[in-house]
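For reference, the structure discussed in these notes is given below.
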Amino acid sequence: MRVDGAAGARFDEVFDYVVVGSGAAGATAARSLASTGRSVCVLEEGPAIDPKAFGDDSWGAFKTMFRGMNGQVARGRAFIPVIQGRVLGGSTVINSAIAWRVPDDLFAEWEALGLADALPPKELHRYWDEIESDLDAAPTPPEAWGGFNRLMRDGAKKLGVRADPTRRYASGCKATGQCLTGCPSGAKRSMLTTYLPQAEAKGAVLVTGAEARRVLIKDGRALGVEGRLSAPGRPSFRAMARRAVVVAASAIQSPILLARSGVRSAHLGEHFMAHPGTPLTGLFDAPANLWRGATQGFDSTHHRRDHRVKIETIGLPPEIVFARLPGAGRRWKEKMALARRTAIFAVQTRAWAEGSVREGPFGADIRYDLTRRDMMQIRRGLRFAAELLFAAGAREVWPGVHGLPERLLPGEEGRLDAGPDDPRCYSWILSHLFGTARMAARPGAGVVGTDFAVYGVSNLVVADSSVFPTNLGVNPQHAIMAVARLCAERLAGRS
Amino acid sequence: MLSPRDRAVLDALLPPGGPEGLPGAFEAGFEDFEKGFAADAPLPMRLGWRAALAAATWISPLLIGRLPPLGRLAPEEREEALCAMGKSRVYLIRQVFLLLKAVTSFGYGGTRAVRRVVGYDAS
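If you're matching them up, the sequences are chains R and G in order. Numbered by our numbering, the letters in the first sequence go through residues 10 to 504 in order. Numbered by our numbering, the letters in the second sequence go through residues 48 to 170 in order.
Written out as structure tokens, the structure is:
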């Protein structure tokens, strides 16, 4: 059953479980909980979009499916856009559906933090097996590579470095390069088209246009959630929970909701971690067809462990590519005319930086500053990306870094390594967000315990990447889903 | 609503003519996009857009040693002034220039006319 808060009037119901958020974590938890036969309500602030309505209009997608129309930024020395979905299905509707299991070396780090039993590799691998089967995860097939993905393969082969077709939940990908707008071809297995309808089929109620404002807590026990619907007049709603409230609203919104609800912890909203990324453009002699191929169909983790960087291809529509091209006037248009012959390799780093998230006057107040070590990693990553692009045949690369030349020629890759240390000189995006309600084995060290329950409040759990004790260095949707599944199974007493 | 000074900025940023038949901003229908943007975009984004247009009008000429507004300058100087924003030592000026280009790109690169010229095939 679905309730559209944009059209609805006052809503006041009682369920066994109330799940806040419908993305990778919320949808996975809701599906697991609904399968126990208990009543489940999923609250989503954004709208429900019919997948048939997905098109190729990026601005239209930003307006309807992105938080703040993609205008959300983290503030530090640099302003960094923070990308999040705000739609039924959350960021899984707008991301590239990448399936990475948590690498073994990360599990060793978690074990060192005393979380080996809380986040057991064996159990998580069992869930990953199931999720991969449910969502048809597979390496991007050659027919979906297109020109720009193939270039990474060619470059890596020449250099003898590791690069692989990205494992994604997009079997039958039509290579339209439109993951960002929801996947008009319908190949992407987002939560909107998979786990949410499955939860609904098991009786879950999906309420869209429902902004959770507060978890109702009385005498140390969570009773439900109250908030506002997006219908005219912003009528209020209440979804009461007999058994538990599951917060799965993301590492930005979850700590804000918990703080607003009266949860107090020195760690709440702190330890905000991410994977900052920056692009490098290569110009080739022949068309690379940047907008024809799986959006992120190839990646190189060759330097994931030694330099904490991952390099990935990215296909984007012209309107997004153009904004980053240098110049103005005729010079800008000359670059636009060359765009078809460009490929973009994005460098993301497993940053050391920790920031914070608070509620601000215009939404989340996100503070985040890259450290010197992060900058060193990024510069190295840009150099590796340039080496890949040149090895693949690029005649020049466009760093887009203030203080470096507009273009670098083969043999000049080293200039990227010696680039500026100041994050304000680079173009960034921040995705993959973690840690703002982190799990810890004892109350003074985190917000939730090893059972995902908020310390000091019963019947209140956090199921999303807020609980992650570290960032990952790889795309997190798969990890988030398995961890949310673990949380839900424990909540239901099945794990 | 775009003022004549705003239009001078956008005309300098994406002038008519040029390589491979790419249209100018207004030939591509940017004005319609801008109306929608002004109506729909969140307040901080709208304020940023207005600040970017104002910076391009009043600050960019100063970066090349000319007096504002931008519309007083010869076409080549307008382009030079805008390019100077992108290379400015002041981070905020570079950021508002990036915002100016980002919003303009959406209303330009997203149009069928431009996509056809650059070979974008969405099918």
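Quick reminder that beta carbons are idealized off the backbone N, C-alpha and C, glycines included. Just so you know, these numbers come straight off a predicted model, no measurement behind them.
Cβ of residue i within 8 Å of any chain G Cβ
i       : result
R382(R) : no
D378(R) : no
E343(R) : yes
W407(R) : no
M78(R)  : yes
W300(R) : yes
A337(R) : yes
D159(R) : In the sequence as presented, Asp is not what sits at residue 159(R); that position holds Arg. False, the Cβ-Cβ gap to chain G never drops below 8 Å.
F354(R) : no
F20(R)  : no
F371(R) : yes
F75(R)  : no
R340(R) : yes
R84(R)  : no
A346(R) : yes
Length of the line joining the Cα atoms of residue i and residue j
i       : j       : result
L391(R) : R333(R) : 16 Å
P370(R) : A268(R) : 15 Å
G130(R) : G64(G)  : One point to set straight first is that residue 130(R) is Pro, not Gly, in the sequence displayed. Cα to Cα, the separation comes out at about 60 Å.
P56(R)  : A86(G)  : 19 Å
F144(G) : V234(R) : 42 Å
F281(R) : R382(R) : 17 Å
T101(R) : T37(R)  : 12 Å
E415(R) : D58(G)  : 23 Å
L397(R) : L168(R) : 7 Å
R350(R) : V406(R) : 12 Å
G242(R) : A250(R) : 25 Å
T310(R) : L189(R) : 23 Å
T158(G) : D66(R)  : 9 Å
T203(R) : L144(R) : 8 Å
R93(G)  : R376(R) : 22 Å
V137(G) : V255(R) : 45 Å
Same chain, Cβ closer than 7 Å to residue i, neighbours up to 5 away in sequence not counted
i       : result
A103(G) : V56, L117, L129, M132 and L147
T459(R) : L124, D126, A127, M448 and A450
L238(R) : G14, G17, F20, G218, A219, P244 and F246
R162(R) : A172 and F307
V356(R) : G286, T287, L289, V318, I320, I387, G390, L391 and A394
V150(G) : F84 and W96
D53(G)  : L100
Closer than 8 Å to chain R by CB, residue i
i       : result
A72(G)  : no
K148(G) : yes
L61(G)  : yes
E124(G) : no
S152(G) : yes
L66(G)  : The sequence as given places Pro at residue 66(G); Leu does not occur at that position. Yes - at least one Cβ of chain R is within 8 Å of the one on P66(G).
L100(G) : no
R162(G) : yes
G112(G) : no
G118(G) : no
L109(G) : no
L57(G)  : no
R141(G) : yes
L49(G)  : no
Neighbourhood of residue i by C-beta distance below 8 Å, restricted to the same chain and skipping five residues each side
i       : result
P51(G)  : G118
A348(R) : L299, P327, V330, F331 and L334
L114(G) : P108
D114(R) : R314
Close-in-space but distant-in-sequence residues of the same chain around residue i (CB under 6 Å, 5 per side omitted)
i       : result
A39(R)  : V28, V49, V51, A208 and A213
L201(R) : L97, G98 and V102
D374(R) : R367
R359(R) : R317, N480 and G482
A462(R) : V470
L133(R) : A491
Q81(R)  : V91
V410(R) : G428, C434 and Y435
Beta carbon proximity, residue i to chain A, threshold 8 Å
i       : result
G166(G) : In the displayed structure, chain A is absent; the protein chains listed are R and G.
- Task: Could you list the residues in the region 46 to 72 of chain R with a C-beta less than 7 Å from some C-beta on chain G, going in chain order?
- Result: D65, D66, S67, W68 and K72
- Message: Can you pull out the residues from the region 309 to 331 of chain R whose beta carbon lies closer than 8 Å to at least one beta carbon of chain G?
- Response: P326, P327, E328, I329, V330 and F331
- Check distances from the C-beta atoms of the region 77 to 98 of chain G to those of chain R and list, in chain order, the residues that come in under 9 Å. F80, G83, F84, D87, A88, P89, L90, P91, M92 and G95
- Item | contact_flag[the region 39 to 50 of chain R, the region 88 to 108 of chain R] where n(CB pairs < 8 Å) is 3 or more | no
- Task: Give the residues from the region 281 to 295 of chain R that approach chain G closer than 9 Å (Cβ to any Cβ), ordered along the chain.
- Result: none
- Message: I want to know whether the region 201 to 212 of chain R touches the region 424 to 441 of chain R - three or more CB-CB distances under 8 Å.
- Response: no
- For the 8 Å Cβ check, are there 3 or more pairs between the region 173 to 192 of chain R and the region 360 to 370 of chain R? no
- Return the residues of the region 414 to 446 of chain R that lie within a Cβ-Cβ distance of less than 7 Å from chain G, sorted by chain order. R433
- Does the region 433 to 440 of chain R come within contact of the region 83 to 97 of chain R, defined as at least 3 CB pairs closer than 8 Å? yes
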